[in-house]
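Participant: Using our numbering, the final residue of the sequence shown is 430, and nothing's skipped along the way.
Glycine included, C-beta positions come from ideal geometry on N, C-alpha and C.
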Amino acid sequence: MSLQEFTVRGVIDRDEDCERVLRCLAHLVPSAGILGAFSERERRYRPVGASNMHASNLEARPEVVVRFNFCSHSVGDEAVAQVDMYGQTVRRAQSSVTVRQLHRTVINASDATRFVEIFLQGTDLAFEWVRRGRRFRFRDGVFADVFRLECVLSNVEGHIRSEPLPDLKWVVELRYIQPLDIVGIESMKSLSSALAESLPRKLALLAPYVFPLPKLSDKVPRDVHIL
Numbered sequence: 204m205s206l207q208e209f210t211v212r213g214v215i216d217r218d219e220d221c222e223r224v225l226r227c228l229a230h231l232v233p234s235a236g237i238l239g240a241f242s243e244r245e246r247r248y249r250p251v252g253a254s255n256m257h258a259s260n261l262e263a264r265p266e267v268v269v270r271f272n273f274c275s276h277s278v279g280d281e282a283v284a285q286v287d288m289y290g291q292t293v294r295r296a297q298s299s300v301t302v303r304q305l306h307r308t309v310i311n312a313s314d315a316t317r318f319v320e321i322f323l324q325g326t327d328l329a330f331e332w333v334r335r336g337r338r339f340r341f342r343d344g345v346f347a348d349v350f351r352l353e354c355v356l357s358n359v360e361g362h363i364r365s366e367p368l369p370d371l372k373w374v375v376e377l378r379y380i381q382p383l384d385i386v387g388i389e390s391m392k393s394l395s396s397a398l399a400e401s402l403p404r405k406l407a408l409l410a411p412y413v414f415p416l417p418k419l420s421d422k423v424p425r426d427v428h429i430l
């Protein structure tokens, strides 16, 4: 499925403000939009050499992101993975909204592992982490994730676990995803303009507890992927 993704991020400067942000979001979204806790293991692959680029250029490069529901072992239908293949950044508005096109496929976890081994040759594992937090959805379809990154660890038996990264702050990410196959060019331009204004406005509703964070990659240490 071909999609267009709009994102804007902020950071919660103090740990004690995280609960205040969660309460604010619970009041801003409908009751059905309080989606609860989520936990995702995320692996990001980029073309060889891209990991050595300056952090400010990373989001402009093509990449493949593989996301798993994080748990020690998955059974049956739960063992699925989401594979997102991003092209170059379409546009970065002055408001810090990132606009990217991607192609998304949902497959089972074992197929995702084979996909990584076979089709992603010539790419580097840029980051591997666990995003763990709470998820909300506004009436207009915008998702709000409040999460912290954790490093990924595995023991000699291959069981996966995660461990908090104490130096990283809580992140607030607002995200809207639009299927490209049902959006005309003019409608897409209009939607891009509207979202470039509405996403930062939603983020501003969480002030003074949340501060803009244009690029998450600037805040992530290079050794997050620990296997």
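When you compare the CB positions of Met204 and Arg307, do they come within less than 9 Å of one another, or not?
Facilitator: Here the question's residue 204 lines up with position 1 in the sequence shown. Here the question's residue 307 lines up with position 104 in the sequence shown. Yes, these two residues count as a Cβ contact at 9 Å.
Participant: In its own chain, which residues sit with a C-beta less than 7 Å from the C-beta of Arg340, not counting the 5 before and 5 after it?
Facilitator: What you label residue 340 is simply residue 137 of the sequence shown in a count that begins at 1. Around Arg340: Val232, Gly236, Leu238, Phe346.
Participant: What first and last residue would you give for the alpha helix (DSSP H) that runs through Glu320?
Facilitator: As a working mapping, residue 320 is identified with position 117 in the sequence shown. Taken as a continuous stretch (DSSP letters only), the alpha helix (DSSP H) holding Glu320 covers 312–322.
Participant: Check whether the segment 367–381 touches the segment 398–409, counting contact only when three or more Cβ pairs, one atom from each stretch, lie closer than 8 Å.
Facilitator: Touching, yes, given that three or more Cβ pairs across the two stretches are closer than 8 Å.
Participant: With DSSP as the reference, label Ala229 as helix, strand or coil.
Facilitator: Here the question's residue 229 lines up with position 26 in the sequence shown. Three-state DSSP puts Ala229 in a helix.
Participant: Within a Cβ cutoff of 6 Å, which residues of the same chain sit near Cys221, ignoring the five residues on either side of it in sequence?
Facilitator: As a position in the sequence shown, residue 221 is number 18, starting the count at 1. Excluding positions up to five away in sequence, the list reads Ile215, Trp373.
Participant: Mind reading off the beta-carbon distance from Arg247 to Ala329? Whole number of angstroms is fine, and I expect it under 8 Å.
Facilitator: One-based indexing of the sequence shown puts residue 247 at position 44. One-based indexing of the sequence shown puts residue 329 at position 126. With a Cβ gap of about 5 Å, Arg247 and Ala329 count as contacting.
Participant: Can you have a look at Gln324 and say buried or exposed, based on whether 16 or more other CB atoms are within 10 angstroms of its CB?
Facilitator: In the sequence shown, counting from the first residue as 1, residue 324 sits at position 121. Exposed, by the Cβ-count rule.
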